[in-house]
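In what follows, a structure is listed as structure tokens, so that the remarks can point back to it.
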RNA sequence: CGGGGAGUAGCUCAGCUUGGUAGAGCGCUGGUUUUGGGAACCAGAUGUCGCAGGUUCGAAUCCUGUCUCCCCGACCA
């Protein structure tokens, strides 16, 4: 059996290419040997193509093999399937806890934003103008086509003011804030909402950039710049911690340059992750909005000296893009690898039942083991354990769970049962690697083993990233690094003192951008900027990105 | 939004150039045999050929429009 059956089908076409000079010869060949490669070995890997063969295609195949999501009939929008949604739910549970622990409250604001709200902050409006879906009508009328007899629904009831489907909610939340803040005693106002937003992206990709996506957006208002900045830094750290502890993704914490900032923000903090094709992903952001939105929307309060002031606001968010990030950060050529904290199932127990007479005993033993494992907890949640009792071949089940990325697979067969052992397979190790353990020992050690899977993924990702960041001090070296001959370049870190114009010039020319100014590298020994030669203590990280 | 490719069974695709009423493999269902492994054999089900028009006696095939997906680019908190 072949995981990717089209390999057989592709065989003759590939030969055809080789023999392209003589199509008739090819026809003759195939009719004589209808199956030119009958001994096709099963693929070494569950996913075709591999990461090195074609990374974007590999990504899509992983998403499909793991049954995470699929494209829908709505342009640019995906259907998130149960296995994929459970990952998002795990991310939500964790982050929601962290937000509440730091004093934030959840609320919900409308999906539709009056067009005039978006116009209030000019820079913000411009930033999102090209990707807004607009609602212009509020009813449909049935019209029968006199020829075909088919009923068509025609929009009528034109709205006097159109609504925009929120691409982000600063403006409508700001409008609420302006009603809610009267006195310094109302501050800080710390609000989060879990919501969907819509950005009419030109080039959608499952999880990474879809037209509609799920996210959380925090919005806060403060008395002073200092307090608001503290909030953005606190959230910045919170995101970094969550990515490390939940998704096993190491990030670089940094600040965006002016050119890369959120439209309307005074400063934008980012956590940047590197995935396995060495591209960067902005995995989370935290913005200090200054008084820009407060002034545009009249969000004021009376301060401790009885003077009316504008609040200082922040906004911050992470989205379902995190799911795409974790797929690309950890998965291998056998499919998804899930960090245990977000795995919908952390342990799959597969009963091995070659003999009918011992079948029931083995299944009972598996279920008894599952019950004992579920009593234990990891990351403040009980272990998620499932016994796969389906009447399918053992190999089929095994590979399904490999592709779905379950951290641990446990098998119990008649021999194991007799010896009081289990067979353990870890998703962070090769698919055929097995470890036999005393069952009691496994029950004792399981939480440690799971934690070790997490740690292995984190270290692997960190090593990969560190190996693919190079220091660069010269423009010539920099230019060479990004030219066509280097088709998969890693990140560069450079001394940087360029202006916005200088940054835009080099970005355009070399198709490269500053990912961030890493916050722990803004006070380095003075060195000449690689582009302008001006002495600087600042460093910038450059890379291609999603 | 520009360039390229593609939409035919659940999946991967063949058929289209030279119009004649739809195929393969895998998957699925049933049966038999297997089984520490991504099984073998037998039998079976599944498609208004992306959608809408047009040309034609006849369209998966030709023409026009449209929608969607993929790749590259521009764009992207």
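In the numbering used here, the protein residues as written are 4 to 549.
All residues carry an ideal CB built from backbone N, CA and C; glycine is no exception.
Note the first and the last residue of the continuous alpha helix (DSSP H) segment covering residue i.
| i | result |
| --- | --- |
| residue 417 | 417-422 |
| residue 369 | 359-377 |
| residue 288 | Careful: residue 288 lies outside any alpha helix (DSSP H), inside the beta strand (DSSP E) at 283-293. |
| residue 331 | 324-333 |
| residue 119 | 118-121 |
| residue 130 | 125-131 |
| residue 480 | 478-484 |
Ordered along the chain, which non-local residues of its own chain (more than five positions away) have a Cβ less than 8 Å from that of residue i?
| i | result |
| --- | --- |
| residue 162 | 138, 139, 140, 141 |
| residue 164 | 117, 118, 119 |
| residue 61 | 50, 52, 53, 54, 336 |
| residue 538 | 500, 529, 530, 531, 532 |
| residue 364 | 420 |
| residue 236 | 272, 289 |
| residue 391 | 351, 352, 353, 354, 400, 404 |
Starting from the C-beta of residue i, find all residues in its chain whose C-beta is less than 7 Å away, skip the five residues before and the five after it, and write them out in chain order.
| i | result |
| --- | --- |
| residue 322 | 216, 217, 218 |
| residue 358 | 417 |
| residue 522 | 256, 257, 258 |
| residue 367 | none |
| residue 211 | 324, 327, 549 |
| residue 318 | 173, 220, 221, 222, 290, 292 |
| residue 394 | none |
| residue 178 | 120, 300 |
| residue 481 | 475, 495, 497, 533 |
Can you determine whether any heavy atom of the ligand MG sits closer than 6 Å to the C-beta of residue i, and answer yes or no?
| i | result |
| --- | --- |
| residue 159 | Inclusion of the ligand MG in the displayed structure is not the case, the ligand content being empty and no account of it being possible. |
Who are the near neighbours of residue i in its chain, counting only those whose CB is closer than 6 Å to its CB and skipping five residues on each side?
| i | result |
| --- | --- |
| residue 355 | 397, 414, 416 |
| residue 404 | 351, 412 |
| residue 276 | 252, 254, 284, 286, 328 |
| residue 525 | 541 |
| residue 111 | 196 |
| residue 106 | 193 |
| residue 543 | 497, 499, 517, 520 |
I'd like to know whether the C-beta atoms of residue i and residue j end up nearer to each other than 7 Å.
| i | j | result |
| --- | --- | --- |
| residue 477 | residue 533 | yes |
| residue 291 | residue 241 | no |
| residue 239 | residue 289 | yes |
| residue 250 | residue 224 | no |
| residue 273 | residue 506 | no |
| residue 379 | residue 386 | yes |
| residue 145 | residue 159 | no |
| residue 245 | residue 98 | yes |
| residue 92 | residue 82 | no |
| residue 167 | residue 114 | no |
| residue 175 | residue 345 | no |
| residue 406 | residue 425 | no |
| residue 214 | residue 369 | no |
| residue 458 | residue 410 | no |
| residue 342 | residue 460 | yes |
| residue 485 | residue 513 | yes |
| residue 449 | residue 375 | no |
| residue 70 | residue 84 | yes |
Within the continuous beta strand (DSSP E) that includes residue i, where are the two ends?
| i | result |
| --- | --- |
| residue 166 | 154-168 |
| residue 494 | 494-498 |
| residue 513 | Where residue 513 is concerned, there is no enclosing beta strand (DSSP E), although the alpha helix (DSSP H) it sits in stretches over 503-513. |
| residue 303 | 303-305 |
| residue 107 | Neither: residue 107 is in no beta strand (DSSP E) and is coded neither H nor E. |
| residue 516 | 516-521 |
| residue 270 | 270-277 |
| residue 262 | Careful: residue 262 lies outside any beta strand (DSSP E) and carries neither H nor E. |
| residue 529 | Where residue 529 is concerned, there is no enclosing beta strand (DSSP E), given that its DSSP letter is neither H nor E. |
| residue 352 | 350-354 |
| residue 3 | Beyond the ends of the chain as shown, which are 4 and 549, falls residue 3; an answer cannot be given. |
| residue 134 | First-last for residue 134: undefined, no H or E at that position. |
| residue 340 | It is not in any beta strand (DSSP E) - residue 340 carries neither H nor E in the DSSP assignment. |
Residue ranges of each alpha helix (DSSP H) within the segment 184-259, 4 or longer: 228-250
Touch test, the segment 301-311 against the segment 182-201, Cβ-Cβ under 8 Å, three pairs minimum: yes
contact_flag[the segment 51-71, the segment 328-340] where n(CB pairs < 8 Å) is 3 or more: yes
The segment 256-264 in contact with the segment 457-477 per 3-pair CB rule at 8 Å: no
Inter-stretch contact at 8 Å, needing at least 3 Cβ pairs: the segment 50-60 / the segment 197-204: no
The segment 279-288 in contact with the segment 540-549 per 3-pair CB rule at 8 Å: yes
Contained beta strand (DSSP E) runs [length at least 3] in the segment 51-91, N- to C-terminal order: 72-74, 81-83
The segment 77-89 / the segment 122-139 touching (three or more Cβ pairs under 8 Å): no
Cβ contact (3+ pairs, closer than 8 Å) linking the segment 497-511 and the segment 309-324: no
Inside the segment 392-442 only - alpha helix (DSSP H) runs reaching at least 4 residues: 397-407, 417-422
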